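So the structure is just underneath, and the comments pick up after that.
Protein chains: 2
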Amino acid sequence: MPDNYLRHVVLFSFDDDASEAEIHAVEQAFSALPAQIPGIAGFEWGMDVSVENLAQGFTHCFLVSFRTTEARDSYLPHPAHQAFVAKLQPILDRVLVIDYWTGSA
Amino acid sequence: MPDNYLRHVVLFSFDDDASEAEIHAVEQAFSALPAQIPGIAGFEWGMDVSVENLAQGFTHCFLVSFRTTEARDSYLPHPAHQAFVAKLQPILDRVLVIDYWTGSA
């Protein structure tokens, strides 16, 4: 039986006037969280390359994996995560977050 | 260096009057695609369990992985995928699709 993960899917679109440097800083700050927050079991992200025109304007997808609900619940209020959110907020246009457990048959 | 994957993230919300049986049939039909379409390198899905109230009404997340852009491009028009879409359409409220390559630093 494969391991189950709690996947935390985060989509961003950024303000039109956000600079490339500002967006890059957010990408780097998010990518730094796994080293700062215990309980992150997996982390990956990338920019939209879909071809169906169904991304609803979202340009970035981050996938954070946890082993337990408790790990996710510790991550959200963690000071490092909150500092990241504060850095993100000034250039954030929209955000979508959906979490799911792998292992559905 | 870890393997890179092309992730194909698909979010659904269903019509209010969609029955549990109809939604279950869509879940099962999507889950049957990896056995029908070559080039699907990974497949998982689950229902939203997020706690931030940022899922924008989406209730289901499917994550389909490919090794190459060509595999994704073969999947989209594949008759089995198109048959799935036809089964989905009558009860689909909204859909969001975003694809990204893993491996961003």
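Chains as they are written, first to last, in this note's numbering: chain S, 755 to 859; chain D, 755 to 859. Ideal Cβ placement from N, Cα and C applies to all residues, glycine included. Since this is a predicted model, take the numbers as computed values, not measurements.
Own chain, CB closer than 6 angstroms to residue i, minus 5 neighbours either side, in chain order
i                      : result
residue 755 of chain D : Caution is warranted here: a pLDDT of 44 is assigned to residue 755 of chain D, below 50, making its placement in the model unreliable, and the coordinate value is therefore given only provisionally. For residue 755 of chain D, where only same-chain residues beyond five positions count, there are no Cβ hits under 6 angstroms.
residue 768 of chain S : 777, 845 and 847
residue 809 of chain S : 802
residue 832 of chain D : 791
Beta-carbon proximity list for residue i, same chain, < 8 angstroms, skipping 5 on both sides
i                      : result
residue 794 of chain D : 787, 788, 818, 819, 820, 825 and 829
residue 770 of chain D : 847
residue 813 of chain D : 766, 767, 768, 801 and 802
Pick from the options that is closest to residue i, judged by C-alpha positions
i                      : options                       : result
residue 758 of chain D : S:771, S:800, S:823 and S:781 : S:800
residue 785 of chain S : S:857, S:832, S:838 and S:805 : S:838
residue 797 of chain S : S:831, S:762 and S:823        : S:762
residue 780 of chain D : D:807, D:832, D:855 and D:836 : D:836
residue 823 of chain S : S:782, S:816 and S:855        : S:855
residue 760 of chain S : D:832, D:775, D:760 and D:805 : D:805
residue 857 of chain D : S:857, S:816 and S:831        : S:816
Beta carbon of residue i nearer than 7 angstroms to that of residue j
i                      : j                      : result
residue 803 of chain D : residue 827 of chain S : no
residue 850 of chain S : residue 765 of chain S : yes
residue 840 of chain D : residue 791 of chain D : no
Residue span of the alpha helix (DSSP H) that contains residue i, given as start and end
i                      : result
residue 777 of chain S : 774-785
Continuous beta strand (DSSP E) stretch holding residue i: start and end
i                      : result
residue 842 of chain D : Here residue 842 of chain D belongs to no beta strand (DSSP E); instead the alpha helix (DSSP H) covers 833-842.
residue 828 of chain S : Careful: residue 828 of chain S lies outside any beta strand (DSSP E), inside the alpha helix (DSSP H) at 823-829.
residue 798 of chain D : 796-801
residue 767 of chain D : 760-768
residue 819 of chain S : 814-820
residue 805 of chain S : Here residue 805 of chain S belongs to no beta strand (DSSP E), and DSSP marks it neither H nor E.
residue 847 of chain S : 846-855
Same chain, Cβ closer than 7 angstroms to residue i, neighbours up to 5 away in sequence not counted
i                      : result
residue 772 of chain D : 845
residue 783 of chain D : 838 and 841
Residues of the region 845-857 of chain S with Cβ closer than 7 angstroms to any Cβ of chain D, in chain order: 849, 850, 851, 852, 853, 854, 855 and 856
Residues in the region 796-807 of chain S having any Cβ partner in chain D nearer than 8 angstroms: 798, 799, 800, 801, 802, 803, 804, 805 and 806
Members of the region 757-778 of chain S that neighbour chain D once the beta carbon cut-off is set at 8 angstroms: 760, 761, 762, 763 and 765
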